[in-house]
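Everything below concerns the one structure shown next.
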Amino acid sequence: MQADSQQRNTRHTFSATEGHVGTLLSDPFQIQSVAAHRSGFSDRPVFRPSGRSEQTSSFAEPKARLAPPKLTTTDLLDALARFTYFDRWSDEQRRDCCHRAQIRQFDPDQTVFVEGQAPVNYAHFMLSGECGLLQCLRLHRRRDRRTGTVRYRLTRAQPTEDEITRFHRRRAQATDPEQVGSSATVPAEPRPRKPLDGRLEYHFVDIATYSRGSVFGVGEHMVDRAVFARTAVQCLLIPRYWLLEKPQNRGNIWNRIRIFLEQRQPSRDRLFRWFLTELLWHRYRHQLVDDFRLVHAPRHLPRLHDVPLVCRIEECDVQQQQRDTD
1 MQADSQQRNT RHTFSATEGH VGTLLSDPFQ IQSVAAHRSG FSDRPVFRPS
51 GRSEQTSSFA EPKARLAPPK LTTTDLLDAL ARFTYFDRWS DEQRRDCCHR
101 AQIRQFDPDQ TVFVEGQAPV NYAHFMLSGE CGLLQCLRLH RRRDRRTGTV
151 RYRLTRAQPT EDEITRFHRR RAQATDPEQV GSSATVPAEP RPRKPLDGRL
201 EYHFVDIATY SRGSVFGVGE HMVDRAVFAR TAVQCLLIPR YWLLEKPQNR
251 GNIWNRIRIF LEQRQPSRDR LFRWFLTELL WHRYRHQLVD DFRLVHAPRH
301 LPRLHDVPLV CRIEECDVQQ QQRDTD
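Counting from 1, one number per residue, gives the positions in the sequence shown under full-length UniProt numbering.
The following block contains the structure:
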């Protein structure tokens, strides 16, 4: 998910079924989820093992290739017509949106959106393809001295820097680069505590699936989360600050969508509780199998004196003949 400061990264899997939950330990896991709504969120996770593992401590910066340069206003208007959110917009709002919006294409397994990575955060409207929402759980692993069992503790989440704070920080860096590190210009960020005993593990959990017509990046909770492309994805990107302005936010629609997304997505604490449940089930299952094998162990295994004497003599004669021939 070495030394005490070793970091492990492990990928896990969520599915929309509400049955049992599988194993979850330090083995690598694969992502698999099922869409439950147009936004595609699952209610109960199911972890399944896989052979994939990645060594990374943070989400990579999105690397998107732009759509073909011959993108006209008609293409953007056609993209807006696919969503009912823009039906009541005026022609002036549509023209203004065409000047600000853009269409981007992403390859499979490519990062689509990470909160706070770009100078301007965009709301993403999926035109085609399928994306997944990945949650990073940073867990502090330690071993109990009395029982010897492995225990986990969820570390504190690092808050995402908002656009206003990031704008002022970059503005201060551009105007006076000599005082960038001073506390008068930029407040010093608290350094994360390093675990004294034990290791820090990174467990990546796929908690949602976005399909065509889904919306994300409207300001929902995205701490330690990233959206990646499962297949070739094409998205319509509109600046979030412009969408949240009053003319484009009739009926407070974007905040309602944000609340809906946050209600459907499980929180870090809830994911950690599911992780502990999986851990207990994994230990109980292995203990049950070991106890069964211990009780029903084979007691009458064949030994050397159980082999007939004639067979042993013939085997010795064959070996002796081979030695004489050599």
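All C-beta atoms in this analysis are idealised placements derived from N, C-alpha and C, irrespective of residue type, glycine included.
For V307, the three-state secondary structure derived from DSSP is coil. Taking the CA atoms as reference points, A79 sits about 16 Å from Y122. In the DSSP secondary-structure assignment, I238 is bridged to A123. If you draw a straight line from the Cα of V307 to the Cα of R145, it comes to about 49 Å. The beta carbon of L276 sits closer than 8 Å to the beta carbons of Y152 from its chain, once the five residues preceding and following it are set aside; these are given in chain order. Distance check between R142 and each of L76, V112 and V150 places V150 closest, using alpha-carbon atoms only. When DSSP states are grouped into helix, strand and coil, L154 belongs to the strand group. Three or more pairs of CB atoms, one per stretch, sit closer than 8 Å, so the segment 110-122 contacts the segment 231-239.
The DSSP-derived three-state label of H300 is coil. Of the residues assessed, Y202 falls on the buried side of the cut-off, its CB having 16 or more other CB atoms within 10 angstroms. The C-beta distance from V227 to C131 rounds to 5 Å, short enough to fall under 8 Å.
R323 counts as exposed, since fewer than 16 other beta carbons sit within 10 angstroms of its beta carbon. Rounded to the nearest whole angstrom, the CA to CA distance from V114 to L154 is 21 Å.
In the structure shown, the three-state DSSP call for H99 is helix.
Our two residues, R230 and W274, have alpha carbons roughly 24 Å apart in a direct line. Within the model, the alpha-carbon separation for A157 versus P298 is close to 51 Å. Non-local beta-carbon contacts of E220 in its own chain, meaning distances under 7 Å to residues more than five positions away in sequence, involve R258, L261 and E262 in chain order.
Across the set R100, H99, R268 and V205, the C-alpha of R268 shows the shortest separation from the C-alpha of V223.
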